[in-house]
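Asker: 129 is the number that UniProt numbering gives to position 129 of the sequence shown; each next residue is one higher, with no gaps.
My questions will all concern the structure given below.
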Amino acid sequence: MDGPIRGLAMANLTINGKTFILDVEPDTPLLWAIRENAGLTGTKYGCGIAQCGACTVHVDGIATRSCGISVAEAEGKKITTIEGLASGATLHKVQQAWIAKDVPQCGYCQSGMIMAVAALLNEKPKPTDADIDEAITNICRCGTFQQVREAIHTIASA
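Encoded structure:
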């Protein structure tokens, strides 16, 4: 028989509060299951080696680079993508600050950056510059780091 046998490798993932039963191998990177199998394309592929942060999602509330975690490691955990960050029609405070401070330029890295910042602010509502430097290691090729920092401080001082 040519090709993979469908229906034998299944993953049960909870993404943005919904259950997805996906036909993927256990070692499939979570990023690809989110994008290709669940159809949630807000999470972006950047480097594929968990360095750039474009693929950042929350796994049990922790900012996680989804290209560096397998589907098997993510099963049974609560996964939140950029599509699930808002509460209904109300944008998350980080999304609101991004708009108010005109943070993105090309926008490619921004969903991962927003997810990383949201996790930081959940852990440390009033982060210092040192906290930001330590936690936000996402790469923005457009260089919007000053706007990102300004947005974080705006949220923290609200």
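For every residue, glycine included, the Cβ atom is placed at its ideal position computed from N, Cα and C.
Computed from a predicted structure; not experimentally measured.
My understanding is that residue 79 touches residue 19, with C-beta atoms under 8 Å, so please give their C-beta distance in whole angstroms.
Answerer: As a working mapping, residue 79 is identified with position 79 in the sequence shown. As a working mapping, residue 19 is identified with position 19 in the sequence shown. Contact doesn't hold; Cβ gap of about 11 Å is too wide.
Asker: If you drop the 5 nearest sequence neighbours on each side, which residues of the same chain put their C-beta closer than 8 Å to that of residue 60?
Answerer: Position 60 of the sequence shown, counting from 1, holds the residue named residue 60. 77, 78, listed in sequence order.
Asker: Assign residue 87 to one of two classes, buried (16 or more other C-beta atoms within 10 Å of its C-beta) or exposed (fewer than that).
Answerer: As a first step, residue 87 is located in the sequence shown; it is residue number 87 there, counting from the start. When all chains shown are included, residue 87 counts as exposed.
Asker: Would you decide whether residue 144 is buried or exposed? Buried here means 16 or more other CB atoms lie within 10 Å of its CB.
Answerer: The residue given as residue 144 occupies position 144 in the sequence shown. The residue is buried, with at least 16 neighbouring Cβ atoms inside 10 Å.
Asker: Name the DSSP bridge partner or partners of residue 132?
Answerer: Mapped onto the sequence shown, residue 132 falls at position 132. Its beta-bridge partners do not exist; DSSP assigns none.
Asker: Cβ atoms of residue 43 and residue 34: under 7 Å apart, would you say?
Answerer: For the purposes of this step, residue 34 is identified with residue 34 of the sequence shown, where counting begins at 1. For the purposes of this step, residue 43 is identified with residue 43 of the sequence shown, where counting begins at 1. Yes, these two residues count as a Cβ contact at 7 Å.
Asker: Along the chain, where does the alpha helix (DSSP H) that runs through residue 122 open and close?
Answerer: Counting from one through the sequence shown, the residue named residue 122 turns up at place 122. That run of the alpha helix (DSSP H) goes 110-123.
Asker: By Cβ distance below 7 Å, which residues in the same chain neighbour residue 111 in space, the five residues on each side in sequence not counted?
Answerer: Taking the sequence shown and counting its residues from 1, the one referred to as residue 111 is at position 111. Once the five neighbours on either side are set aside, the close Cβ partners of residue 111 are 42, 43, 44, 82.
Asker: Helix, strand or coil for residue 37, going by three-state DSSP, please let me know.
Answerer: Taking the sequence shown and counting its residues from 1, the one referred to as residue 37 is at position 37. It is helical.
Asker: To which residues of the same chain is residue 104 closer than 6 Å at the C-beta, ignoring the five residues directly before and after it?
Answerer: In the sequence shown, counting from the first residue as 1, residue 104 sits at position 104. Only 110 meet the Cβ criterion.
Asker: Assign residue 46 to buried or exposed, taking buried as 16 or more other Cβ atoms, counted over all protein chains shown, within 10 Å of its Cβ.
Answerer: Counting from one through the sequence shown, the residue named residue 46 turns up at place 46. Buried, since its Cβ has 16 or more Cβ neighbours within 10 Å.
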